[in-house]
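Quick notes on the structure that follows.
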Amino acid sequence: MDEVAVTSMSPPQKLITTLLFILCALATKSEPTHAETVRYTLNIAEATVNLTGQPARALAINGQIPAPTLEAREGDTFEITVNNHLSTETSLHWHGLLLPNEQDGVPHVTTPPIAPGGSHVYRFELRQSGTYWYHSHTHEDLQEQLGLYGGIIIHPHHGEPNTEREHLVILSDWNDEDPQRTLAHLKRDGDYYTFKKNTVPSWDRVIQHDALTPRLSQLWTRMGTMDLSDVGYDRFLINGQVEAQLGAAHPGERIKLRLVNASASSYFYVEFAGGDMEILAADGMPVVPLHTRRLLLATAETYDVRVTVPAHQAYELRATAQDGTGYTSAWLGHGEKIAAPTLPKPNTLLTTMHGNPAQYIAHTTNTSNIGHMVHGAHTSATMELHTTDTGHAAHRHGHQEHSGAPPSTPSITRVEVLEDYAPLRAPEPEPTDDRPVREIRLELTGNMDRYVWSFDDTVMADAPPILIRRGERVRMTLVNKTMMHHPLHLHGHFFRVINGQGAYSPLKHTVDVKPHATQVIEFLADEERDWFFHCHNLYHIATGMARVIRYVPDGVMEENLEETWRAHYTDPWFINGLMAVQSNMFDGHARMAWSRHELRAEIEANYDSDYEIDTLYEYIVTPFWGVFAGVNFNHEPGQPTWQRGVWGVRYILPLLIETEWRIDHTGRLRFEVGSTLNLTRRWQFTWRYNTFDEYHLQLEYRFTPDFSLVADYDSDYGEGVGAQIRF
1 MDEVAVTSMS
11 PPQKLITTLL
21 FILCALATKS
31 EPTHAETVRY
41 TLNIAEATVN
51 LTGQPARALA
61 INGQIPAPTL
71 EAREGDTFEI
81 TVNNHLSTET
91 SLHWHGLLLP
101 NEQDGVPHVT
111 TPPIAPGGSH
121 VYRFELRQSG
131 TYWYHSHTHE
141 DLQEQLGLYG
151 GIIIHPHHGE
161 PNTEREHLVI
171 LSDWNDEDPQ
181 RTLAHLKRDG
191 DYYTFKKNTV
201 PSWDRVIQHD
211 ALTPRLSQLW
221 TRMGTMDLSD
231 VGYDRFLING
241 QVEAQLGAAH
251 PGERIKLRLV
261 NASASSYFYV
271 EFAGGDMEIL
281 AADGMPVVPL
291 HTRRLLLATA
301 ETYDVRVTVP
311 AHQAYELRAT
321 AQDGTGYTSA
331 WLGHGEKIAA
341 PTLPKPNTLL
351 TTMHGNPAQY
361 IAHTTNTSNI
371 GHMVHGAHTS
381 ATMELHTTDT
391 GHAAHRHGHQ
401 EHSGAPPSTP
411 SITRVEVLED
421 YAPLRAPEPE
431 PTDDRPVREI
441 RLELTGNMDR
451 YVWSFDDTVM
461 ADAPPILIRR
471 GERVRMTLVN
481 KTMMHHPLHL
491 HGHFFRVING
501 QGAYSPLKHT
511 VDVKPHATQV
521 IEFLADEERD
531 WFFHCHNLYH
541 IATGMARVIR
551 YVPDGVMEEN
561 LEETWRAHYT
571 DPWFINGLMA
581 VQSNMFDGHA
591 RMAWSRHELR
601 AEIEANYDSD
611 YEIDTLYEYI
621 VTPFWGVFAG
631 VNFNHEPGQP
641 TWQRGVWGVR
651 YILPLLIETE
661 WRIDHTGRLR
671 FEVGSTLNLT
681 RRWQFTWRYN
691 TFDEYHLQLE
701 YRFTPDFSLV
711 ADYDSDYGEG
721 VGAQIRF
């Protein structure tokens, strides 16, 4: 037998060799990071689209709507060059991404705007995985409504590779009308688009739907009817089309759909014709899987769902606008078309202030690991929750959303209609901590008549920042005092939605707060500088429903930083009015309005030099009352013109009856009362009476929201007929 030579080794050499062996073994078992820099160039420019049979102005990125999908892996670095080919400023915000403050993309708050003809390079590491999106945050031009939005897909950096077929599904809303014109219409009358949508809260509809009791209840509390969307849209889109084809599918195949609601102000009910959807993630963060037939997707939210294709047919994925004014469809598979059900149009006359609660049906024999079934979405602020660093939580959980692994238990919850957050449950609990808690309470407020939206009755331009300290646990109690849904989004953070699941409360970055309901969220203050918090309804943020959340140093709780954003987030003013030319008189009104201030000029005159003119300034104290002062001019034939200084108060009584108390500089006191009744969609009756025994009765037939025929009787000018134009 041949001998094998063995070289002897000293103890230090043996130790070094052993350590090298262990390191090599660990290296062979570790997974490569595959981190790289992923570069995109995005060109923002004017575009023309034809979605209704008429060409309309739009904005596009790289010539397409939606914008290109940005795709990378967790741990990669995005380097995105944005070139502005517009004649106005622009910006891009990376919705839901955890990133350095200066990369967040909110003009004048975190990131400088991109000037016309200019460029900006965004560069940041991806600290999470999941489904997200990006959009313009330039609200002066309401650019998001015009098409500046796109999807983001971040794959996990480790875990089992995803073998499922998947599709990105981006929902949006569209009007041929310029969005600035849309906002001007809303400022003139918050109910402007009810005529287009045929949802005018008229008395013939009240009688037809046997809704007298709820309608009187609404009027007694001085509330309008719930109108689930402010705007009447021309089209609803899926991946930029009214109807889209997602691709092939095989019987029994499971397909993942990444749903993004990139609308300006629309909520959607999403339903798959092939059966239930399995909810996998909400706002990019994984949840314990649950099944649902129908999902309510709030503006700016994302959900990952899985569907199973039953057979060789084409199955519809339908997204129906919450207000029932239309839908958009995508088809999965080929062959005979299987349509999703058509949802009945909601009757807002009968809708309760809190909306219709979801009905939960649990198909399970063991619910110990998914918590109790909770029937209310809005739980008390006393619910126990202990959070840790949400940034780390996002990093830790992010890879699970693509794993495709089955749930750890066969028990699956089924929710017939998922339209609140009570059933959502995080897959892992958050460990307890003893960080100090900062309590913040915000009321969601609005004035639909003047179309002003705010927090605590104060628009962003007039509001101080919300001050917090790094390291705190911030608990925000959000109390909705309005009849509208509000999708609230916090930049740069994830928060826990307090939904009755305790330490398993789900992580999100956007939360829907229902009408006249309360929602509590918590987050760890683990960032620095200023961050935006706002309603993601584009027309609500444009009129003031936003705040800056500011980190301040330890020991300091005062505004100690220059507010460079305040000069750019001013309180905008709008001009509107009406003009009526009738056989007996001329009637004209013009108004310049801010959130709390109005300048008004009102004139009534006949054709014999008989006229009365009011020029007034009014300060709006609350949505129900304001104080005013100004000058009244009155002239009668053969008499000198009277000029009187006037002061007074306007107040809205229950049943939406408008009252006015005024006194002039001579001591004359006048009380006036009146209201407008919507008899039908087109017929309106207006009346007013004052203590000088003056009265006015008017019947109006509306051809459009802007043009009407009128007939009236006035105690000073007699009877007449004519036409009226609103502008």
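Counting in our numbering, the sequence shown runs from 1 upward without gaps. The C-beta atom is built at its ideal place from N, Cα and C for all residues, glycine as well.
Could you compute how far the alpha carbon of residue i sits from the alpha carbon of residue j?
i      : j      : result
ASN175 : PHE236 : 9 Å
GLU384 : THR41  : Any answer about GLU384 is weak, because its pLDDT of 30 lies below 50 and its placement is not dependable; what the coordinates show is given next. So the two alpha carbons sit approximately 46 Å from each other.
GLU742 : THR81  : Any answer about residue 742 is impossible in this case: the structure gives the chain only from 1 up to 727.
THR686 : TYR269 : 38 Å
LEU97  : LEU126 : 8 Å
ILE255 : SER708 : 52 Å
LEU490 : ASP449 : 28 Å
GLY648 : GLU672 : 11 Å
ILE370 : VAL474 : With a pLDDT of only 30 at ILE370, under the threshold of 50, the placement of this residue in the model should not be trusted; the figure read from the coordinates follows. So the two alpha carbons sit approximately 26 Å from each other.
GLY718 : ILE44  : 58 Å
HIS108 : VAL307 : 42 Å
THR432 : LEU507 : 16 Å
SER217 : PRO654 : 10 Å
LEU99  : PHE494 : 12 Å
ASP434 : PRO464 : 29 Å
PRO731 : VAL415 : Given that the chain is displayed from residue 1 to residue 727, the structure contains no residue 731 and the question cannot be resolved.
LEU317 : LEU171 : 11 Å
ILE541 : ALA262 : 15 Å
ARG681 : SER202 : 6 Å
TRP220 : LEU228 : 20 Å
ILE114 : ASN84  : 7 Å
GLN519 : VAL513 : 6 Å
Note the first and the last residue of the continuous alpha helix (DSSP H) segment covering residue i.
i      : result
SER217 : 212-220
ASP204 : 203-208
THR81  : Here THR81 belongs to no alpha helix (DSSP H); instead the beta strand (DSSP E) covers 77-84.
LEU538 : 538-541
LYS256 : Premise fails: LYS256 lies in the beta strand (DSSP E), 254-261, not in any alpha helix (DSSP H).
VAL194 : It is Thr, not Val, that sits at residue 194 in the sequence shown. Its alpha helix (DSSP H) spans residues 194-197.
According to DSSP, residue i sits in a beta bridge with which residue or residues?
i      : result
GLU316 : TRP331
HIS458 : Looking at the sequence itself, residue 458 is Thr, so the reference to His does not match. In DSSP, THR458 forms a bridge with PHE455.
HIS135 : HIS93, TYR149
THR37  : THR77
ARG473 : VAL437, LEU524
PHE574 : ALA593
ARG123 : GLU79
SER708 : ARG702, GLN724
THR48  : ARG57
Starting from residue i, follow the beta strand (DSSP E) in both directions and report where the run begins and ends.
i      : result
ARG188 : Segment 179-188 is the alpha helix (DSSP H) holding ARG188; no beta strand (DSSP E) there.
ILE498 : No beta strand (DSSP E) contains ILE498, which DSSP labels as neither H nor E.
PHE272 : 268-272
ARG469 : 466-469
THR299 : Here THR299 belongs to no beta strand (DSSP E), and DSSP marks it neither H nor E.
ARG57  : 55-61
ILE657 : 657-664
GLU672 : 669-678
TYR617 : 611-622
On a Cα-Cα basis, can you pick out the residue from the options that is closest to residue i?
i      : options                        : result
SER265 : ALA58, ARG441, VAL231, LEU296  : VAL231
GLU522 : PHE532, ASP530, GLU528, VAL511 : VAL511
GLU485 : ASN537, LEU246, ASP234         : Here residue 485 turns out to be His, not Glu, going by the sequence shown. Taking only the C-alpha atoms, the option nearest HIS485 is ASN537.
ASN480 : VAL621, ILE613, THR48, ALA517  : ALA517
ASP706 : MET579, ARG414, ARG294, LEU295 : MET579
TYR713 : GLY645, MET585, ARG681, HIS589 : MET585
TRP565 : PHE574, ARG547, VAL552, ILE575 : ARG547
GLN684 : GLY53, LEU697, THR691          : LEU697
LEU259 : ARG688, HIS167, ALA422, SER675 : HIS167
GLU430 : CYS535, GLY502, HIS312         : GLY502
GLN54  : ASN198, ASP234, LEU99, PRO66   : ASP234
Original post:
Within the chosen definition, does the stretch 204-221 reach the stretch 136-148 through at least 3 CB pairs nearer than 8 Å?
Top reply: Judged by Cβ distances under 8 Å, the stretch 204-221 makes no contact with the stretch 136-148, as fewer than three pairs qualify.
Original post:
Can we say the stretch 272-290 touches the stretch 331-345, given the rule of at least three CB pairs closer than 8 Å?
Top reply: Segments in contact, yes.
Subject >> Any 3 or more C-beta pairs closer than 8 Å across the stretch 638-652 and the stretch 463-472 >> reply: Not touching, per the Cβ criterion.
Subject >> Contact the stretch 192-210 vs the stretch 236-245: 3+ CB pairs below 8 Å >> reply: Output reads no: the stretch 236-245 does not touch the stretch 192-210.
Original post:
If we count Cβ pairs, one from each stretch, closer than 8 Å, do we get three or more for the stretch 168-187 versus the stretch 657-667?
Top reply: Touching, no, given that fewer than three Cβ pairs across the two stretches are closer than 8 Å.
Original post:
With a cut-off of 8 Å, do at least 3 Cβ pairs link the stretch 292-312 to the stretch 445-461?
Top reply: With a cut-off of 8 Å, the stretch 445-461 and the stretch 292-312 do not count as touching, because too few Cβ pairs lie within range.
Original post:
Quick one: any contact between the stretch 580-589 and the stretch 492-504, if contact means 3 or more CB pairs under 8 Å?
Top reply: Short answer: they don't touch.
Original post:
Does the stretch 139-155 come within contact of the stretch 62-72, defined as at least 3 CB pairs closer than 8 Å?
Top reply: In this structure the stretch 139-155 lies against the stretch 62-72, because at least three pairs of beta carbons, one per stretch, are closer than 8 Å.
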